[in-house]
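Novice: Here's a structure for you.
Residue numbers (the working numbering): -10 to 316.
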């Protein structure tokens, strides 16, 4: 039986989560339907545009994404500190970027004089909306619902477009985050949709590569930046070097495409050395991450702690976690 979101998502366990949404109809989200020959490629841009808009609105950072033919991958980080630093006006303005709001909230933004009871209502709304703007379920709802409505309208039909729930995996440590980022960014290559990371359309890795190769290199503002290896007074972001990560993705993609999963490389990318992951472990993680781990991804000790935090009765598969994640 599926577990409720409160038993899967908790800041006490980790702020990082891998979310997957799948279509339920034979009709594609994107790509070309082999049965009808109809192209749905333009819908990839729908998803990407909506995702970027939400990344700039929610207190949830997008670490990686990939828009596939009948499903989407996103790696998200809950940014509680960001949400708590917003003023009441910030919260309401952000909410209005996605939803209609209320008559009172609209009057508040216009600068109208409000009664005391209305000001109390604004305080209550701001508290509720602040919580929702750092809630992954609300983020995924805000991503999926508009896409479903637009697709149904285009297909001239009604009914459910997505599965009832999005799948969610908690990423409990640096090894898990790195493996999941690469897993998501390499999805189009594994599916035969692209030959290289830079040609993988509608993925975060392509956006990062294009930004890094521009005349004035930068990191996209809608993606959580890479800020280098852990150090004192480090800026907020992913604790890896961008160059190391891009080299790692390219290296992993080449090995998977050439079917050399069992070979031993003479030079492992530096990021794997720092994370203490060997090649065999890495290829398992980036090749089967979604199927290997139903709820948690990380070291066995972290899995046990997270399971207890989220109220799970028992922890299964600890031997698998121990074999794939080093101490």
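Think of the CB as a built atom: it goes at the ideal place given N, C-alpha and C, for glycine as much as any other residue.
Can you look up residue 169 in the DSSP assignment and give me helix, strand or coil?
Specialist: Working through the chain shown from its first residue, we reach residue 169 at position 180. Looking at residue 169 - three-state DSSP - the assignment turns out to be helix.
Novice: Starting from the Cα of residue 84, find the closest Cα among 110, 131, 105, 58 and give me that residue.
Specialist: Numbered from 1 along the chain shown, position 95 holds the residue referred to as residue 84. Nearest C-alpha to residue 84: 131.
Novice: Consult DSSP for residue 75 and reduce its assignment to one of helix, strand or coil.
Specialist: Residue mapping note: residue 75 aligns to position 86 of the chain shown, counting from 1. Reduced to three states, the DSSP call for residue 75 is coil.
Novice: Taking buried to mean at least 16 other C-beta atoms within 10 Å of its own C-beta, is residue 189 buried or exposed?
Specialist: By one-based count along the chain shown, residue 189 stands at place 200. The residue is buried, with at least 16 neighbouring Cβ atoms inside 10 Å.
Novice: Can you tell me where the beta strand (DSSP E) with residue 208 in it begins and where it stops?
Specialist: Residue 208 sits at position 219 when you count from the first residue of the chain shown. Looking at the DSSP string, residue 208 is not in any beta strand (DSSP E), and its letter there is neither H nor E.
Novice: Would you identify the three-state DSSP class for residue 220, choosing helix, strand or coil?
Specialist: Along the chain shown, one-based indexing puts residue 220 at 231. Residue state, collapsed to three classes: coil.
Novice: So is residue 148 buried or exposed if we call it buried at 16+ other beta carbons inside 10 Å?
Specialist: Against the chain shown, residue 148 aligns to sequence position 159. It is exposed - the Cβ of residue 148 has fewer than 16 other Cβ atoms within 10 Å.
Novice: Does the beta-carbon of residue 253 have 16 or more other beta-carbons within 10 angstroms, so that it is buried, or is it exposed?
Specialist: Position 264 of the chain shown, counted from the start, is the residue given in the question as residue 253. Bear in mind that a pLDDT of 46 at residue 253, under 50, signals an unreliable position, so the number given afterwards is only what the model happens to contain. With fewer than 16 other Cβ atoms within 10 Å, it is exposed.
Novice: If you follow the alpha helix (DSSP H) that residue 97 is part of, which residue opens it and which one closes it?
Specialist: Taking the first residue of the chain shown as position 1, residue 97 is located at position 108. Per DSSP, residue 97 belongs to the alpha helix (DSSP H) from 92 to 99.
Novice: Can you give the Cα-Cα distance for residue 93 and residue 170, rounded to whole angstroms?
Specialist: The count along the chain shown starts at 1 and reaches residue 93 at position 104. The count along the chain shown starts at 1 and reaches residue 170 at position 181. Rounded to whole angstroms, residue 93 to residue 170 spans 42 Å at the Cα level.
Novice: Please report the residue range of the alpha helix (DSSP H) in which residue 7 lies.
Specialist: As a first step, residue 7 is located in the chain shown; it is residue number 18 there, counting from the start. No alpha helix (DSSP H) contains residue 7, which is instead part of the beta strand (DSSP E) from 5 to 11.
Novice: What are the boundary residues of the alpha helix (DSSP H) that residue 42 is part of?
Specialist: Your numbering for residue 42 matches position 53 in the chain shown. Looking at the DSSP string, the run of the alpha helix (DSSP H) that includes residue 42 is 32 to 44.
Novice: Residue 74: which of 45, 32, 119 sits nearest, CA to CA?
Specialist: For this step, residue 74 is matched to residue 85 along the chain shown. Minimum Cα distance to residue 74 is reached at 119.
Novice: From residue 63 to residue 125, what distance separates their C-alpha atoms?
Specialist: Taking the chain shown and counting its residues from 1, the one referred to as residue 63 is at position 74. Taking the chain shown and counting its residues from 1, the one referred to as residue 125 is at position 136. One C-alpha to the other measures close to 11 Å.
Novice: Output the distance between the C-alpha atoms of residue 71 and residue 48, rounded to the nearest integer angstrom.
Specialist: As a working mapping, residue 71 is identified with position 82 in the chain shown. As a working mapping, residue 48 is identified with position 59 in the chain shown. Roughly 6 Å between the two C-alpha positions.
Novice: For residue 203, which residues in the same chain have their Cβ closer than 8 Å to its Cβ, ignoring the five residues on either side in sequence?
Specialist: In the chain shown, the residue the question calls residue 203 occupies position 214. Excluding sequence neighbours, residue 203 sits near nothing in its chain.
Novice: Give the range of the beta strand (DSSP E) segment to which residue 50 is assigned.
Specialist: Taking the first residue of the chain shown as 1, we reach residue 50 at position 61. It spans 49 to 56 - the beta strand (DSSP E) in which residue 50 sits, taken as one unbroken run.
Novice: What number of angstroms, rounded off, separates the C-alpha of residue 111 from the C-alpha of residue 81?
Specialist: What you label residue 111 is simply residue 122 of the chain shown in a count that begins at 1. What you label residue 81 is simply residue 92 of the chain shown in a count that begins at 1. Rounded to whole angstroms, residue 111 to residue 81 spans 9 Å at the Cα level.
Novice: Here's the rule I'm using: 16 or more other beta-carbon atoms within 10 Å means buried, otherwise exposed. How should residue 249 be labelled?
Specialist: Numbered from 1 along the chain shown, position 260 holds the residue referred to as residue 249. With a pLDDT of only 46 at residue 249, under 50, the local geometry of the prediction cannot be trusted, and the value read off the model is given with reservation. Label assigned to residue 249: exposed.
Novice: Just curious, the alpha helix (DSSP H) that residue 66 is in, first and last residue?
Specialist: One-based indexing of the chain shown puts residue 66 at position 77. Looking at the DSSP string, residue 66 is not in any alpha helix (DSSP H); the run it does join, the beta strand (DSSP E), is 60 to 67.
Novice: Which of the three DSSP states is assigned to residue 202 in this structure?
Specialist: Counting from 1 along the chain shown, the entry for residue 202 is found at position 213. Looking at residue 202 - three-state DSSP - the assignment turns out to be coil, as it is neither helix nor strand.
Novice: Which residue comes first and which comes last in the alpha helix (DSSP H) that contains residue 115?
Specialist: Within the chain shown, residue 115 is the residue found at index 126, counting from 1. From DSSP, the alpha helix (DSSP H) with residue 115 extends over 105 to 121.
Novice: Rounded to the nearest angstrom, what separates residue 172 and residue 164 at their Cα positions?
Specialist: Taking the first residue of the chain shown as position 1, residue 172 is located at position 183. Taking the first residue of the chain shown as position 1, residue 164 is located at position 175. Using only the alpha carbons, I get a separation of about 12 Å.
Novice: For the alpha helix (DSSP H) containing residue 353, list its first residue and its last residue.
Specialist: This structure gives no information on residue 353, because the portion of the chain shown stretches from -10 to 316.
Novice: Could you give the first and the last residue of the continuous alpha helix (DSSP H) run that contains residue 159?
Specialist: For the purposes of this step, residue 159 is identified with residue 170 of the chain shown, where counting begins at 1. Counting along the chain, residue 159 falls outside any alpha helix (DSSP H), though it belongs to the beta strand (DSSP E) covering 156 to 160.
Novice: Skipping 5 residues on each side, what residues in its chain have a beta carbon closer than 6 Å to that of residue 286?
Specialist: Taking the chain shown and counting its residues from 1, one reaches residue 286 at position 297. Cβ neighbours of residue 286 beyond the five flanking positions: 158, 160, 165.
Novice: Measuring alpha carbon to alpha carbon, tell me which residue in 105, 167, 109, 35 is nearest residue 139.
Specialist: Translated into the one-based positions of the chain shown, residue 139 becomes position 150. Checking every option, the nearest Cα to that of residue 139 belongs to 35.
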